[in-house]
Structures are given as C-alpha cells and as structure tokens.
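What follows is one structure encoded as structure tokens, with my remarks underneath.
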Amino acid sequence: MKADFTRWLPAIAKTTNRKTVLTISGIAVLGGLAFGPTAVAAPVTTGPHTGAVAAIDLATGKTRQGATVESALTTGENTSKSTPSAGRPSRDELIPHGVEGAQSRIPLDDAQLANARAIVEAAKDSGVGKRGAVIGVATSLQESKLYNLGHLGAYNDHDSQGLFQQRPSSGWGSPDQITDPEYASKAFFGALKNIGGWQDLPLTAAAQTVQVSAYPYAYAQWEEQAADIVARLW
C-alpha cells in the first residue's frame with residue numbers, strides 16, 4: 185500500500201533538461217499502482233474494504249482520529265466555499281458529481297506545483313478539459329503525491345515510475361517517457377479518453393478504470409484539493 189510520502193524526504197533529485205525525477209532509499213513498499221491503459225469500466229462496490237481504508241490513512245498521513253496535514257501550501261482557498269474569480273473554472277465544472285467521502289489535503293512544494301501545472305497543460309492539449317484535469321491531478325496526488333518518481337530500487341513496485349506510477353512492462357512507455365511529466369500526463373489522458381462516458385463517471389471510477397489500482401477508493405479523497413489546484417492553474 186502507499187506509504188506516507190512525508191517519510192520520503194529529503195529526496196535525491198536527478199535533473200535533466202526536460203524533467204526532475206525523484207529517487208530515494210529507505211522507504212516503505214509502494215502499492216496500488218498503475219498497471220496499464222484499459223477501456224473497460226472498472227467495478228465499483230458500495231464502499232472501500234478495510235485494506236483500502238488503511239491505505240488511505242497511510243497515504244495521507246492521517247491518524248486514526250482523522251487528523252490531516254494542513255499547511256499554507258495546500259493550494260489556498262477551497263472552491264466549495266468561495267466564488268471563483270473571473271476566468272477561473274466554477275465548482276460545477278470541476279466537481280460536477282460532488283465529492284465521494286472524506287477529503288484529504290497535503291502541503292505542496294514548488295516541485296509538486298510544477299508537476300500539477302504540467303498535468304493541467306496536458307489536459308488542455310489533450311482536450312479533456314477542466315474535469316479531466318481534476319481527475320488527472322487527483323490521480324497523481326494518490327499515486328505519487330505529485331512527485332515525479334524514478335525507480336526506487338528494491339522498494340519499487342515492479343517497474344512503476346513517474347507521476348502516475350505507470351509501468352513500461354504494461355505498455356505505458358519507456359522509463360524516460362513515463363518520467364517525463366508531459367508524456368506521462370498525455371498517456372494518462374489518452375487512456376481516459378478511451379473510456380466511453382468518462383465525463384459522467386465519479387472521479388474514483390474514472391481514475392480506477394485507467395489505473396486498475398488495488399485501492400480504487402483512494403482516488404476519491406483528493407477531488408477537492410485537485411479542484412482547487414486546477415482552479416488556480418487553469
């Protein structure tokens with residue numbers, strides 16, 4: 185299952201002219217990662233199982249009392265409680281179906297915000313619009329906490345890498361490609377567009393259909409923060 189990413193830092197950043205890839209040692213094993221593109225609707229049950237609840241707690245740094253990480257870097261205002269400025273997307277555009285369950289937030293640093301911007305720009309280029317951008321950002325928040333992760337050695341889950349933890353062995357691209365935020369984001373949105381009626385699916389169902397995660401309900405918790413990010417960066 186996903187480990188609390190606050191335990192991963194400081195990370196070692198390997199920078200190229202196109203991307204920054206984070207590598208690290210001494211972390212917990214990853215889980216719930218992407219296995220490959222699919223156009224078959226993923227099954228959704230009535231509620232998360234015990235393992236998924238535990239994974240959500242670990243991924244977000246929650247205690248069993250439900251405390252969440254709060255910071256001035258959690259992207260500012262909540263779109264559900266404020267009127268969008270001129271030119272910003274509305275809440276109805278960003279979250280047309282309402283959120284599912286309790287929501288989580290994490291602090292964001294410059295690297296995470298830069299990766300979020302890459303996802304938003306890829307959403308524009310891919311034609312999935314504001315709603316697609318929210319799904320993409322929420323998915324990356326769960327899979328990598330918006331960090332562009334390289335191979336984590338013995339702690340890697342198979343060959344999963346990048347913002348969406350995509351796997352070269354499952355056809356997502358080469359390691360260099362899937363650790364390129366632009367490529368990885370467009371690959372994700374390409375798979376999303378292959379899902380018939382994805383715009384009408386709840387976020388967790390849309391994300392799960394692409395990612396085929398062992399913990400499908402983990403995506404839903406990031407919808408509010410993802411919407412706030414997209415509202416600010418669109």
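Residue numbers (the numbering used here): 185 to 418.
For each residue, glycine too, the CB sits at the ideal point set by N, CA and C.
Nothing here was measured: the structure is a model prediction, and the numbers come from that model.
Nonlocal neighbours in the same chain, by C-beta distance under 7 angstroms from residue i, ignoring five residues either side
{"i": "A410", "result": "V318, V321, A322, L325"}
{"i": "K203", "result": "N332, T363, D364, P365"}
Close Cβ partners of residue i (< 6 angstroms) along its chain, the five nearest in sequence each way excluded
{"i": "W382", "result": "L376, A390"}
Classification of residue i by the beta-carbon crowding that lies within 10 angstroms, buried from 16 upward
{"i": "A286", "result": "exposed"}
{"i": "G419", "result": "The structure shown does not extend to residue 419, since the chain spans only 185 to 418, so no value can be given for it."}
{"i": "S344", "result": "buried"}
{"i": "G355", "result": "exposed"}
{"i": "G316", "result": "buried"}
{"i": "G334", "result": "buried"}
{"i": "G346", "result": "buried"}
{"i": "S310", "result": "buried"}
Proximity of residue i and residue j at Cβ, strictly below 9 angstroms
{"i": "I303", "j": "P365", "result": "yes"}
{"i": "N299", "j": "L330", "result": "yes"}
{"i": "S328", "j": "Q361", "result": "no"}
{"i": "L278", "j": "A402", "result": "no"}
Whole-number beta carbon distance between residue j and residue i, since they are thought to touch under 8 angstroms
{"i": "T363", "j": "N340", "result": "Going by Cβ atoms, the distance from T363 to N340 rounds to 12 angstroms, so no, they are not a contact pair."}
{"i": "K314", "j": "W418", "result": "6 angstroms"}
{"i": "L387", "j": "A404", "result": "6 angstroms"}
{"i": "S369", "j": "A306", "result": "3 angstroms"}
Per DSSP, cross-strand counterpart(s) of residue i
{"i": "Q350", "result": "Q345"}
{"i": "L417", "result": "L417 is not bridged to any residue."}
{"i": "L330", "result": "According to DSSP, L330 bridges with nothing at all."}
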